[in-house]
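This report concerns only the one structure given below.
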Amino acid sequence: MPTRLAGEGLTLAYDQRVVTEGLSVTIPDNSFTVIVGPNACGKSTLLRALSRMLRPRAGAVHLDGKAITSYPSKEVARRLGLLPQTSIAPDGITVTDLVARGRFPHQRLLRQWSREDERVVRESMAATGVTDLADRLVDELSGGQRQRVWLAMALAQQTGILLLDEPTTFLDITHQVEVLDLCADLQETGGRTLVAVLHDLNQACRYATHLIAMCGGRIVAEGAPGDIVDAALVREVFGLDCRVIPDPETGSPLVVPAARRPLRDRAEARYEPAAVP
Ligand SMILES: Nc1ncnc2c1ncn2[C@@H]1O[C@H](COP(=O)(O)OP(=O)(O)OP(=O)(O)O)[C@@H](O)[C@H]1O
Ligand SMILES: [Mg+2]
Numbered sequence: 001m002p003t004r005l006a007g008e009g010l011t012l013a014y015d016q017r018v019v020t021e022g023l024s025v026t027i028p029d030n031s032f033t034v035i036v037g038p039n040a041c042g043k044s045t046l047l048r049a050l051s052r053m054l055r056p057r058a059g060a061v062h063l064d065g066k067a068i069t070s071y072p073s074k075e076v077a078r079r080l081g082l083l084p085q086t087s088i089a090p091d092g093i094t095v096t097d098l099v100a101r102g103r104f105p106h107q108r109l110l111r112q113w114s115r116e117d118e119r120v121v122r123e124s125m126a127a128t129g130v131t132d133l134a135d136r137l138v139d140e141l142s143g144g145q146r147q148r149v150w151l152a153m154a155l156a157q158q159t160g161i162l163l164l165d166e167p168t169t170f171l172d173i174t175h176q177v178e179v180l181d182l183c184a185d186l187q188e189t190g191g192r193t194l195v196a197v198l199h200d201l202n203q204a205c206r207y208a209t210h211l212i213a214m215c216g217g218r219i220v221a222e223g224a225p226g227d228i229v230d231a232a233l234v235r236e237v238f239g240l241d242c243r244v245i246p247d248p249e250t251g252s253p254l255v256v257p258a259a260r261r262p263l264r265d266r267a268e269a270r271y272e273p274a275a276v277p
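Residue numbers (full-length UniProt numbering): 1 to 277.
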C-alpha cells in the first residue's frame, strides 16, 4: 500500500556537498513520525526535500500517489505544511497577520478572506497559546513566543500532513510538553500525519508512533521506539554511552547518559583545561 508521503532513492546535495545518497523513506499514514540524529546528519535536508523546498539530485518524492513536482505549489501547500528550523518574519508584521498567512493556500481569486479563515486563525492561535500576543510585532517577541507563532501559522494551513523541524526549540519544558501533546492530538483525533525532528530522545520515545534514527545521511533504524531504542543504537547513532530504562511514567525507552568520568580516566581526553591562576 503506498502511503501519502514517501521519498525514493533520494540523493540530496548542496553544490558539492552530498548529504544523502539513494535514501528511501516512507512516512506511515496517520503516524506521529519523529526523526532523531546528530547535528548535520541530514534531518532538515530530508524534511526540505519531502516538502519540495529542495530538489533532489536523484530520486523522487511522492505525495498522494504522484510525484510532488507534478503539483502546482498551492496544491502542495494545501496538502502538506512545513515548519522550518529557522524562519524569518517579514519586517513589522503582527502575530495575527503572520498566522493569517497560513490561510493563503486556501484563498482563491474570487474567495478572499472568509469567516472560516478568521475562525481557523483564532483557533490555531488559541491552540499554541499566542492569543494574548495577537497585536504584538513578531520581531519583538521572545524566541519561544516566536516559535509558537510560527507553529500557529503552520496549523492555520490545515494540512493533512505537517512537517515540523525542531518545533520545541526555544520552548520551556511546559510549552514543550504542550506542543508535543498538541501534535499527538492532531495525529490521534485529527487524523493527520505528523513528522517532527526532535533532539530530546526521551520525548521522541514518548511521542513517536514511528521513530527514524538517522546518522551520516542514512537511516540506521526505524520502527516503534520500544522495538528499536537500546544502548547499542544510541552508541551507534550518537556515540554516547548510556543506559536505557523504562520511562517510569509511560514505559517507553528512557535514555540516561553515563555519568561523567574524571578527566584522568578518559583515555580519549585531548582537551586539558589549564588551571585558573
Ligand atoms: N544551505 C546549505 N548549503 C550548504 N550546505 C548545507 C546547507 N544546509 C545544510 N547544509 C549542510 O548539509 C548537511 C546536513 O545539514 P542539515 O541541516 O540537514 O542537518 P541536520 O541533521 O538538520 O542538523 P541539525 O541537528 O544541526 O539541525 C550539513 O553538513 C550542513 O552543513
Ligand atoms: Mg536541522
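Every residue gets a Cβ at the ideal spot worked out from N, C-alpha and C, and that includes glycine.
Where the alpha helix (DSSP H) through residue i begins and ends
i       : result
His-62  : First-last for His-62: 58-63, but that is the beta strand (DSSP E), not the alpha helix (DSSP H).
Leu-180 : 173-188
Arg-115 : 115-127
Glu-75  : 73-79
Pro-257 : Per DSSP, Pro-257 belongs to no alpha helix (DSSP H); it is in the beta strand (DSSP E), 253-257.
Pro-225 : 225-228
Ser-44  : 43-50
Under 8 Å between C-beta atoms of residue i and residue j
i       : j       : result
Ala-208 : Leu-164 : no
Leu-141 : Leu-133 : yes
Pro-2   : Gly-65  : yes
Ile-228 : Glu-222 : yes
Ala-100 : Val-121 : yes
Ser-114 : Leu-82  : no
Ile-219 : Leu-23  : yes
Gly-160 : Arg-192 : yes
Leu-137 : Thr-86  : no
Gly-42  : Gly-217 : yes
Arg-57  : Ala-13  : yes
With 16 other Cβ atoms within 10 Å as the buried cut-off, status of residue i
i       : result
Ser-124 : buried
Gly-102 : buried
Leu-109 : exposed
Ser-44  : buried
Pro-225 : buried
Gly-37  : buried
Thr-168 : buried
Arg-17  : exposed
Limits of the unbroken beta strand (DSSP E) element including residue i
i       : result
Tyr-14  : 5-14
Glu-236 : No beta strand (DSSP E) holds Glu-236; the alpha helix (DSSP H) holding it covers 231-238.
- Beta carbon nearer than 7 Å to a non-hydrogen atom of ligand 2: Lys-43, Ser-44, Gln-85, Asp-165, Glu-166, Val-197
- Query: Taking contact to mean at least 3 C-beta pairs separated by less than 8 Å, is the region 160-176 in contact with the region 87-95?
  - Reply: no
- Message: Can you confirm whether the region 72-86 touches the region 233-250 when touching is taken to mean that 3 or more C-beta pairs between the two stretches lie within less than 8 Å?
- Response: no
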